[in-house]
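Counting from 806, one number per residue, gives the positions in the sequence shown under the numbering used here.
We put the CB at the ideal spot given by N, CA and C, even for glycine.
Worksheet: the structure to be examined is printed underneath.
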Amino acid sequence: MEVTSHNWTETCDAGGPLESNVTLRFCHFCEIILNLGSLFLIFTHVPWKRIKERKLPPIHINFTILLANGLLLYFIHTISVVASGTISEISHLLYSECAYTIITWKCLTVRTPSFVGVVGFSFLHLFLFAERCLATVYLKQYATHSAKFGILITLVIWPVIILWNIYIVYDDDPIAYKPYCLQTSPMNAAKMSQMLMILLIVDIVTTVGDISLRIVNRIQRKRKNVDYSLPKSYQIAENASATKVIVTLSLVHSLTFTSYLVLTNVVRICLAKADLGTYISAIEGVHLLIRTIFALPNFDSIASGRHPGILSSFQVLARSISVTVIGRQRQFCVIHENVDPITGKFPRYWGYVVIASKSAAKRPYLHHSASHFLSDGDVCNQAATLFERTQSRSLVVASVATPPPPAYFESRLRQAKI
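Structure (structure tokens):
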């Protein structure tokens, strides 16, 4: 856990090992490149010509306002991450000593906007669902409604996001020094953990709601209308298109957020007593590990040991977790805690994440997860079977004691481990 102090020299000494930490610098550069790349892709895929000529697909103004808020949140989040990494690297180049030492208020100025995005995405996810619920219930009237709902949500969501982030850092001492700029500190660690769990619950509930709404919209579209009207027919068609977009976005968001939460909790627990450089490098590395594996077209290079960018680039994470490639076509990559060689179990029972390769995942936006409670029955095997048969992208199994279920995985003929 990061420490803070009013003594510059003491804080500088605590952060000294970070200056020679190659893994941390690697994480900085990768974060900068990935986030700038995502901004470039978004910018190039925006239909600027259609916007200028006003030839966009007809969709309700409330939905458009909420999507615009989402783009703004992502822009703020990405710029904050890029700024944080860039400032750290510039400091490392300019100063031979105490390069990463920073006063708390300056650190929070740079880091807090990234958490504005984290909180904002989940609440925006919820409000997009609410907006489509209104459009589904009021089929005949919704098309004529004004932009009041979108404007109201905008006026609500931004104060909530800002106040939530102020609450997180309220107990931090703004004039204390940090050896490295992280928003998490001993003062707010408990509140940060609570925030992530609340947001995860919001995401899961909303994702279930989005899928249910998608089913309802399909039924409405197939049903024969005895009371046909043009506004109703138009709204049904719009709902089908809009909910398809929402379900895709919500599944991707829930998938990445769940994977992030599981792995960061593993790292925070496993490395709670580790030195500062190890702890920070591991937290930063979790983001990159998930993104790296998701970006690979297949896992042949990992299984053969030829890929240099997985655990060989995450030496700190390699002390606590392993990446195993399984399946006849080496199509599944499992991120799991290192197994105790004596008991054959996970020491901390944190579970595992299974990611299917791009070529194997025929449903790239479908994500499965399972709880571990015995009272729920054989849910782990059931979730694994559904994951394979539906050719989905990922599976998260929480808090299990043993590696992936034998009934599902031991039938695989070829296994390779790094």
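I'd like the span of the beta strand (DSSP E) that includes residue i, first residue to last.
| i | result |
| --- | --- |
| residue 1199 | 1197-1203 |
| residue 1156 | 1156-1161 |
| residue 1169 | 1168-1175 |
| residue 803 | Outside the modelled stretch of the chain, which goes from 806 to 1223, sits residue 803, for which no answer is possible. |
Over the uninterrupted alpha helix (DSSP H) stretch that includes residue i, give me the two end residues.
| i | result |
| --- | --- |
| residue 1126 | Where residue 1126 is concerned, there is no enclosing alpha helix (DSSP H), although the beta strand (DSSP E) it sits in stretches over 1126-1131. |
| residue 972 | 953-974 |
| residue 836 | 827-850 |
| residue 995 | 994-1027 |
| residue 981 | Per DSSP, residue 981 belongs to no alpha helix (DSSP H) and is neither H nor E. |
| residue 894 | 866-899 |
| residue 913 | 909-942 |
| residue 906 | Unbroken run through residue 906: none, as it is neither H nor E. |
| residue 1187 | 1184-1194 |
Compare the C-beta of residue i against all C-beta atoms of chain C and say whether one is closer than 7 Å.
| i | result |
| --- | --- |
| residue 826 | Among the chains in the structure shown there is no chain C, since it carries only a single protein chain. |
Tell me whether residue i is buried or exposed, calling it buried when 16 or more other Cβ atoms sit within 10 Å of its Cβ.
| i | result |
| --- | --- |
| residue 956 | exposed |
| residue 937 | buried |
| residue 922 | buried |
| residue 969 | buried |
| residue 816 | buried |
| residue 946 | exposed |
| residue 1112 | Because residue 1112 carries a pLDDT of 45, less than 50, the predicted location of this residue cannot be relied on, and the following value inherits that uncertainty. With 16 or more Cβ atoms within 10 Å of its Cβ, residue 1112 is classed as buried. |
| residue 918 | buried |
| residue 1159 | buried |
| residue 984 | buried |
| residue 1133 | exposed |
| residue 924 | buried |
| residue 1168 | exposed |
| residue 1193 | buried |
| residue 1008 | buried |
| residue 1006 | exposed |
| residue 1028 | exposed |
| residue 1212 | Any reading at residue 1212 must be qualified, since the residue scores a pLDDT of 39, below 50, and its modelled position is unreliable; the value itself is stated next. The residue is exposed, with fewer than 16 neighbouring Cβ atoms inside 10 Å. |
| residue 960 | exposed |
| residue 1003 | exposed |
| residue 951 | exposed |
| residue 971 | exposed |
| residue 1026 | exposed |
| residue 1051 | buried |
What number of angstroms, rounded off, separates the C-alpha of residue i from the C-alpha of residue j?
| i | j | result |
| --- | --- | --- |
| residue 832 | residue 897 | 14 Å |
| residue 805 | residue 1148 | The structure shown does not extend to residue 805, since the chain spans only 806 to 1223, so no value can be given for it. |
| residue 905 | residue 823 | 8 Å |
| residue 1172 | residue 1198 | 6 Å |
| residue 838 | residue 926 | 22 Å |
| residue 1044 | residue 834 | 41 Å |
| residue 1114 | residue 1163 | Its pLDDT being 49, under 50, residue 1114 is placed unreliably in this model, and the value from its coordinates should be taken loosely. Spanning the two alpha carbons is a distance of roughly 18 Å. |
| residue 814 | residue 981 | 12 Å |
| residue 886 | residue 836 | 7 Å |
| residue 842 | residue 993 | 31 Å |
| residue 869 | residue 825 | 47 Å |
| residue 830 | residue 1014 | 41 Å |
| residue 1200 | residue 846 | 27 Å |
| residue 948 | residue 1191 | 39 Å |
| residue 1060 | residue 888 | 26 Å |
| residue 865 | residue 873 | 13 Å |
| residue 818 | residue 920 | 28 Å |
| residue 867 | residue 963 | 16 Å |
| residue 900 | residue 986 | 16 Å |
| residue 1016 | residue 880 | 27 Å |
| residue 828 | residue 1040 | 52 Å |
| residue 893 | residue 1184 | 45 Å |
If contacts are defined as beta-carbon pairs under 8 Å, then residue i and residue j qualify, I think. What distance do you get, rounded to the angstrom?
| i | j | result |
| --- | --- | --- |
| residue 1144 | residue 1151 | 6 Å |
| residue 916 | residue 988 | 4 Å |
| residue 1128 | residue 1157 | Contact doesn't hold; Cβ gap of about 10 Å is too wide. |
| residue 1141 | residue 1131 | That pair is no contact at about 11 Å. |
| residue 977 | residue 909 | 6 Å |
| residue 871 | residue 958 | 6 Å |
| residue 1188 | residue 1175 | 4 Å |
| residue 965 | residue 934 | The Cβ separation is near 16 Å, so there is no contact. |
| residue 997 | residue 1024 | With a Cβ gap of about 41 Å, residue 997 and residue 1024 do not count as contacting. |
| residue 931 | residue 1011 | 5 Å |
| residue 913 | residue 883 | Contact doesn't hold; Cβ gap of about 18 Å is too wide. |
| residue 1056 | residue 943 | In fact, because the Cβ distance is near 26 Å, the residues do not count as touching under 8 Å. |
| residue 1001 | residue 941 | Between residue 941 and residue 1001 the Cβ distance is about 30 Å, and since that is not below 8 Å, they are no contact. |
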